[in-house]
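**Student:** For the sequence shown, the numbering used here gives the first residue as 2, with consecutive numbering after it.
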Amino acid sequence: MKHRIPSGLAPLACLPFESQECRSLHWMPLAVRYKLDVCQLCLSLGQWQSLSLESRAFLLREPFATGCGSWFERLAVDRGARPLNEDRIAPGSFAEYVWRKLATGNGKFRSASGNGALHAVS
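1. Decide if glutamate 22 is buried, meaning its Cβ has at least 16 other Cβ atoms within 10 Å, or exposed.
2. According to DSSP, is arginine 57 helix, strand or coil?
3. How far does the alpha helix (DSSP H) with glutamate 22 in it reach, from first residue to last?
4. According to the Cβ coordinates, are arginine 62 and leucine 31 closer than 7 Å?
5. Could you tell me the distance, in whole angstroms, from the CA atom of tryptophan 28 to the CA atom of tryptophan 49?
6. Return yes when the Cβ of alanine 82 is within less than 7 Å of the Cβ of leucine 52, no when it is not.
Encoded structure:
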């Protein structure tokens, strides 16, 4: 299986490889995790699941702009997000962020020839 994520991807929807639990918004999609990380905010799975389905969908679809005081940041804080320790922030593009999540999650993905494409390792 191979996934290629364009570096300019605007994270406003679930990614093609995410599970059905993410697509149903039972689990937090990577797009929301990314936006929270960039805003240096943390929202636990319990907090995420206590939100209404409408609030979860809104946080997923909300366009994202970097910088303090963004609309997404205000929405997330209103819904219980709290400041995140800076040493946990994943800097860089959304593609780099997803790569780090996959590469460090279970070690079963690698990049072929450094082109950013992900390949499953059996």
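Glycine included, every Cβ here is placed at the ideal spot set by N, Cα and C.
**Tutor:** In short, the structure shows the following:
1. exposed
2. helix
3. 21-24
4. no
5. 8 Å
6. no
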